[in-house]
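Student:
Protein chains: 2
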Amino acid sequence: MKPRNDTFLRALLRQPTDYTPVWLMRQAGRYLPEYNATRSRAGSFLGLAKSPAYAAEVTLQPIDRYALDAAILFSDILTVPDAMGLGLYFAEGEGPKFERPLRHENDVAALAAPDPELSLGYVMDAVREIRKALAGRVPLIGFSGSPWTLACYMVEGGGSDDFRIVKTMLYARPDLLHRILAVNAQAVADYLNAQIRAGAQAVMIFDTWGGVLADGAFQRFSLAYMRQVLGRLQREHEGERIPVIVFTKGGGPWLEEIAEIGADAVGLDWTVNLGQARARIGARCALQGNLDPMALFGGEDTLRGEVAKVLRSFGDPRNPDGTWAGHVFNLGHGISQFTPPEAVAVLVDAVHEQSRQLRL
Amino acid sequence: MKPRNDTFLRALLRQPTDYTPVWLMRQAGRYLPEYNATRSRAGSFLGLAKSPAYAAEVTLQPIDRYALDAAILFSDILTVPDAMGLGLYFAEGEGPKFERPLRHENDVAALAAPDPELSLGYVMDAVREIRKALAGRVPLIGFSGSPWTLACYMVEGGGSDDFRIVKTMLYARPDLLHRILAVNAQAVADYLNAQIRAGAQAVMIFDTWGGVLADGAFQRFSLAYMRQVLGRLQREHEGERIPVIVFTKGGGPWLEEIAEIGADAVGLDWTVNLGQARARIGARCALQGNLDPMALFGGEDTLRGEVAKVLRSFGDPRNPDGTWAGHVFNLGHGISQFTPPEAVAVLVDAVHEQSRQLRL
Chain D
239 MKPRNDTFLR ALLRQPTDYT PVWLMRQAGR YLPEYNATRS RAGSFLGLAK SPAYAAEVTL
299 QPIDRYALDA AILFSDILTV PDAMGLGLYF AEGEGPKFER PLRHENDVAA LAAPDPELSL
359 GYVMDAVREI RKALAGRVPL IGFSGSPWTL ACYMVEGGGS DDFRIVKTML YARPDLLHRI
419 LAVNAQAVAD YLNAQIRAGA QAVMIFDTWG GVLADGAFQR FSLAYMRQVL GRLQREHEGE
479 RIPVIVFTKG GGPWLEEIAE IGADAVGLDW TVNLGQARAR IGARCALQGN LDPMALFGGE
539 DTLRGEVAKV LRSFGDPRNP DGTWAGHVFN LGHGISQFTP PEAVAVLVDA VHEQSRQLRL
Chain L
239 MKPRNDTFLR ALLRQPTDYT PVWLMRQAGR YLPEYNATRS RAGSFLGLAK SPAYAAEVTL
299 QPIDRYALDA AILFSDILTV PDAMGLGLYF AEGEGPKFER PLRHENDVAA LAAPDPELSL
359 GYVMDAVREI RKALAGRVPL IGFSGSPWTL ACYMVEGGGS DDFRIVKTML YARPDLLHRI
419 LAVNAQAVAD YLNAQIRAGA QAVMIFDTWG GVLADGAFQR FSLAYMRQVL GRLQREHEGE
479 RIPVIVFTKG GGPWLEEIAE IGADAVGLDW TVNLGQARAR IGARCALQGN LDPMALFGGE
539 DTLRGEVAKV LRSFGDPRNP DGTWAGHVFN LGHGISQFTP PEAVAVLVDA VHEQSRQLRL
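Protein chains in written order, with my numbering: chain D, 239 to 598; chain L, 239 to 598.
Written out as structure tokens, the structure is:
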């Protein structure tokens, strides 16, 4: 069933919209006092992410507070490798880590795509619970990390500054990395399809670390496997089209190639000129982005001005031939935990108001 | 006086060369046991960087060990703000920090460009000592951080993941940031000119953090001030042309604009396709780069293959019209401290041998 506000879905499919829809990566997060309160009750980040009730609660918080045009499933990017048995944990004050990173040939050979209905049921439960709580207000976005981005964590065992361990595998034992990526591509496709069956109305692939790859390596080790995922995704559910967004942070050099793997929309970080990106790939895909998250720290007038720059850079979504280009407003990366919550209200209001003006 | 091996300078000036010259960012560094021995004797990184004798010793170490085509002054990127009185120090196990970061209007108003001959004399002494020790073997590169990159450290007070403090200033008080950048542009130009007078035969501006800026902000807050530096540089010394290299890490989206500020060469990180970069700006500038530093971890055969990819991507330096395009082989970022030293020998040999073959 279509949500009452389907502006976001329409923009992704390059259909006419009255205004530019907006949502924010990591919109359910630590900058919101109500999120921190729920997290305290849950006891830990994983306690929050693994409880369908809590996940639904925090997913709805930004929707209740702001006039956002989409909700995004609250979950962790590493649920899939956790379900593969790598042992996800969060060390105090650090990022995510794995107890059993993939380092040896035997570990890699034993890797298999999990059945998401069996081992990631808590995520599908969260999707169903969120859909019920949303009650058709705005669409729900499901998501997964890209095969390469998951592999970075799975091989490094956590975050990294230089990706030395996974890149050593890439250069020294590409066969092992290709095997991991093939399993990940299957796992990500299965996971996103399960989210779609549970009720996700659009899905997004976060290729957070694609931009650390060299030209050439990006195409072979990240893009090729996102293409595999796209090819396996169920693109329709209960008669509705399920749009897919692909976002490679730092992917500016490869926009044409990213636009060709079959996604409906391409996410852009803030280094990309939106007008140039539209000229390069706007005829094939909708675009999502790309305000610098730090613009939310500049005060109300500056923020309205920065919103205007992004909207004007994309320009009138109506093409000269009468078709529509699609633009979903977003940040170029996740919102900072230090963002003043009132700045988000200004941002959402500015996007809606200014983009209506642009259409007059 | 020209060095006996002037291949590097010729490539920067797009003159004919017998092979592609190579040097590595951070080539005098922690991956070399002899560097670590000298550092131990010096007692600390700053003790090393501030002693002309030690700086000369470590600058020469990679030149003695490998057939590199250029030496680069061993120094810290933050000598200039240190000379401005911000109090540079290194906390154990952390990056550089400033005791007195620029946070308040009064601090910014009081900022002034230092006289490099007075307050950075140890750097000029190092340049003279290195030139003497090199005895004309290969050219010596001087360097500085870009005005924006220095400002990042000066405002943040150290390294940063999100550049929140300096970007808050950028969005909320751009007047303060512009004042810092104007002083930095003067200071960087004075500093590089002093290095040139002391004997630097080429200079490089490291815009390490230019790539964290949004499109639009990069042009106003980084590129504009590098242009000011370029305009003030002494481009000839004792009858020899002094080539200038500008390197914005993550600057791929803006290559055309970077190529227009008056540098002789543009540095490229490994996300950039070298052949495409040549097509975009190769008629105006030489190019420097751009192997992924992690390729040095892949073993000898892989490394030779990755060198071949970089060289072939650039292609034959002879243009169809008989002029030459310039390519200086380098990494796309500083060499990792974990690099096996023997891999560097393979790399240098592969660049020289394969690039001679390309010219047959």
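From the three backbone atoms N, C-alpha and C, an ideal C-beta is built for every residue, glycine too.
What's the C-alpha gap between Pro591 (chain L) and Ser357 (chain D)?
Tutor: For the purposes of this step, residue 591 (chain L) is taken as residue 353 along the second sequence, with counting starting at 1. For the purposes of this step, residue 357 (chain D) is taken as residue 119 along the first sequence, with counting starting at 1. The sequence given here has Glu at residue 591 (chain L), not Pro. If you take the alpha carbons of Glu591 (chain L) and Ser357 (chain D), they lie about 54 Å apart.
Student: Using three-state DSSP, classify Phe312 (chain L) as helix, strand or coil.
Tutor: Start at 1 with the first residue of the second sequence, and residue 312 (chain L) comes out as number 74. It is coil, neither helix nor strand.
Student: Between the region 489 to 521 of chain D and chain L, which residues of the former have CB atoms less than 7 Å from a CB of the latter, in chain order?
Tutor: Taking 7 Å as the Cβ-Cβ cut-off against chain L, the residues of the region 489 to 521 of chain D that qualify are Gly490, Pro491, Trp508, Thr509, Val510, Asn511.
Student: When you compare the CB of Asp413 (chain L) with every CB in chain D, is at least one pair closer than 8 Å?
Tutor: Translated into the one-based positions of the second sequence, residue 413 (chain L) becomes position 175. Not an interface residue.
Student: Ignoring anything shorter than 4 residues or poking outside the region 331 to 371 of chain L, list the alpha helix (DSSP H) runs there in chain order.
Tutor: Listed in chain order, they are 343 to 348, 354 to 357.
Student: Is DSSP giving Val486 (chain L) helix, strand or coil here?
Tutor: Within the second sequence, the letter at position 248 stands for residue 486 (chain L). In the sequence as displayed, the identity of residue 486 (chain L) is Thr instead of Val. Looking at Thr486 (chain L) - three-state DSSP - the assignment turns out to be strand.
Student: So if I threshold CB-CB distances at 7 Å, which residues from the region 408 to 434 of chain L count as touching chain D?
Tutor: Going along the region 408 to 434 of chain L in chain order, one finds Tyr409, Ala410 with a Cβ nearer than 7 Å to chain D.
Student: What ranges does the beta strand (DSSP E) occupy inside the region 366 to 437 of chain L, keeping only unbroken runs of at least 3 residues that lie completely in it?
Tutor: Complete beta strand (DSSP E) runs here, min 3: 378 to 383.
Student: Output yes if chain D places a C-beta closer than 8 Å to the C-beta of Ser384 (chain L); else output no.
Tutor: As a first step, residue 384 (chain L) is located in the second sequence; it is residue number 146 there, counting from the start. Closer than 8 Å: no.
Student: Tell me the DSSP bridge mates of Tyr273 (chain D)?
Tutor: Position 35 of the first sequence, counting from 1, holds the residue named residue 273 (chain D). DSSP lists no partner for Tyr273 (chain D).
Student: Mind pulling the beta strand (DSSP E) runs of 3 or more residues that sit fully within the region 493 to 553 of chain D?
Tutor: Within the region 493 to 553 of chain D, the complete beta strand (DSSP E) runs of at least 3 residues are 503 to 505, 524 to 529.
Student: Count the other CB atoms, across all protein chains shown, that sit within 10 Å of the CB of Glu476 (chain L); report buried if there are 16 or more and exposed otherwise.
Tutor: As a first step, residue 476 (chain L) is located in the second sequence; it is residue number 238 there, counting from the start. Label assigned to Glu476 (chain L): exposed.
Student: Beta carbon of Ala308 (chain L), beta carbon of Pro259 (chain L): below 8 Å?
Tutor: Position 70 of the second sequence holds residue 308 (chain L). Position 21 of the second sequence holds residue 259 (chain L). Closer than 8 Å, so yes.
Student: Considering only the beta carbon of each residue, do Leu419 (chain D) and Trp386 (chain D) sit closer than 8 Å?
Tutor: The residue labelled residue 419 (chain D) in the question sits at position 181 within the first sequence. The residue labelled residue 386 (chain D) in the question sits at position 148 within the first sequence. Against a cut-off of 8 Å, the Cβ pair of Trp386 (chain D) and Leu419 (chain D) comes out as a contact.
Student: Can you list the residues of chain L that Phe576 (chain D) reaches, using a CB-CB cut of under 8 Å?
Tutor: Along the first sequence, read from residue 1 onward, the residue named residue 576 (chain D) stands at position 338. Chain L residues near Phe576 (chain D): Arg402.
Student: Quick check on the burial criterion: 16 or more other C-beta atoms within 10 angstroms. Buried or exposed for Gln439 (chain D)?
Tutor: Working through the first sequence from its first residue, we reach residue 439 (chain D) at position 201. By the neighbour-count rule (16 or more Cβ atoms within 10 Å), Gln439 (chain D) is buried.
Student: Leaving out five residues on either side along the sequence, give the residues of the same chain with a beta carbon under 8 Å from the beta carbon of Ile480 (chain D).
Tutor: Residue numbering aside, residue 480 (chain D) sits at position 242 when the first sequence is read from its first letter. Answer for Ile480 (chain D): Ile434, Ala438, Gln439, Ala440, Val441, Leu471, Gln472, Arg473, Glu474, listed in chain order.
Student: Going by C-alpha to C-alpha distance, which of L:Gln514, L:Ile368, L:Thr540, L:Ala583 sits closest to Ile310 (chain L)?
Tutor: As a working note, residue 310 (chain L) is residue 72 in the second sequence. Residue L:Ile368 is the option with its Cα nearest to Ile310 (chain L).
Student: Measure the alpha-carbon distance for Asp314 (chain D) versus Ala287 (chain D) and round it to whole angstroms.
Tutor: Here residue 314 (chain D) refers to the residue found at position 76 of the first sequence. Here residue 287 (chain D) refers to the residue found at position 49 of the first sequence. Looking at the two C-alpha atoms, the distance is approximately 6 Å.
Student: Looking at the C-beta of Met322 (chain D), does it have a partner C-beta in chain L at a distance below 8 Å?
Tutor: In the first sequence, counting from the first residue as 1, residue 322 (chain D) sits at position 84. No, Met322 (chain D) lies away from the interface with chain L (no Cβ there is under 8 Å from its Cβ).
Student: Taking Cβ positions only, does Lys335 (chain D) come closer than 8 Å to chain L?
Tutor: For this step, residue 335 (chain D) is matched to residue 97 along the first sequence. Taking Cβ atoms only, chain L never reaches closer than 8 Å to Lys335 (chain D), which makes this a no.
Student: Would Asn344 (chain L) be called buried (16 or more neighbouring beta carbons within 10 Å of its own) or exposed?
Tutor: As a working mapping, residue 344 (chain L) is identified with position 106 in the second sequence. Its Cβ having fewer than 16 others within 10 Å, Asn344 (chain L) is exposed.
Student: Using a Cβ cut-off of 9 Å, pull out every chain D residue sitting near Gly331 (chain L), in sequence order please.
Tutor: Here residue 331 (chain L) refers to the residue found at position 93 of the second sequence. Simply none; closest approach about 14 Å.
Student: Checking the sheet assignment: what are the DSSP bridge partners for Asn557 (chain L)?
Tutor: Counting from one through the second sequence, the residue named residue 557 (chain L) turns up at place 319. Per DSSP, none; premise fails for Asn557 (chain L).
Student: Within its chain, find whatever has a CB closer than 6 Å to the CB of Leu534 (chain D); leave out the 5 residues flanking it on each side and keep chain order.
Tutor: Counting from one through the first sequence, the residue named residue 534 (chain D) turns up at place 296. The answer, listed in chain order, is Thr577, Ala581.
Student: Considering just the uninterrupted stretch of the alpha helix (DSSP H) at Leu471 (chain L), what are its terminal residues?
Tutor: Against the second sequence, residue 471 (chain L) aligns to sequence position 233. Element bounds for Leu471 (chain L): n/a, residue is neither H nor E.
Student: Met442 (chain L) CB to nearest chain D CB: under 8 Å?
Tutor: Position 204 of the second sequence, counted from the start, is the residue given in the question as residue 442 (chain L). Judged by the 8 Å Cβ criterion, Met442 (chain L) is not in contact with chain D.
Student: Under 8 Å between C-beta atoms, does Phe328 (chain D) make it to chain L?
Tutor: Working through the first sequence from its first residue, we reach residue 328 (chain D) at position 90. Taking Cβ atoms only, chain L never reaches closer than 8 Å to Phe328 (chain D), which makes this a no.
Student: Report yes if the C-beta distance between Arg518 (chain L) and Gly553 (chain L) is below 8 Å; otherwise report no.
Tutor: The residue you call residue 518 (chain L) lines up with position 280 of the second sequence. The residue you call residue 553 (chain L) lines up with position 315 of the second sequence. No. Outside cutoff.
Student: Taking buried to mean at least 16 other C-beta atoms within 10 Å of its own C-beta, is Thr276 (chain D) buried or exposed?
Tutor: Taking the first residue of the first sequence as 1, we reach residue 276 (chain D) at position 38. It is buried - the Cβ of Thr276 (chain D) has at least 16 other Cβ atoms within 10 Å.
Student: Would you kindly report the start and end of the unbroken alpha helix (DSSP H) that includes Val260 (chain D)?
Tutor: Position 22 of the first sequence, counted from the start, is the residue given in the question as residue 260 (chain D). Looking at the DSSP string, Val260 (chain D) is not in any alpha helix (DSSP H), and its letter there is neither H nor E.
Student: Identify whether Leu569 (chain L) lies in helix, strand or coil by the three-state DSSP scheme.
Tutor: The sequence position of residue 569 (chain L) within the second sequence is 331, counting from 1. Leu569 (chain L) falls in the strand class under three-state DSSP.
Student: By how many angstroms is the C-alpha of Gly267 (chain D) removed from the C-alpha of Pro579 (chain D)?
Tutor: Position 341 of the first sequence holds residue 579 (chain D). Position 29 of the first sequence holds residue 267 (chain D). Their Cα atoms are separated by approximately 11 Å.
Student: Measure from the C-beta of Met464 (chain D) to each C-beta in chain L and report whether the shortest distance is under 8 Å.
Tutor: Counting from one through the first sequence, the residue named residue 464 (chain D) turns up at place 226. So, not an interface residue.
Student: Ignore the nearest five residues each way along the sequence and tell me which others in Ile379 (chain D)'s own chain have a CB closer than 6 Å to its CB.
Tutor: Residue numbering aside, residue 379 (chain D) sits at position 141 when the first sequence is read from its first letter. Here the set comprises Ala308, Ile310, Ala440, Met442.
Student: Closer than 7 Å, Cβ to any Cβ of chain L: which residues of the region 545 to 566 of chain D, in chain order?
Tutor: So the close ones are Lys547.
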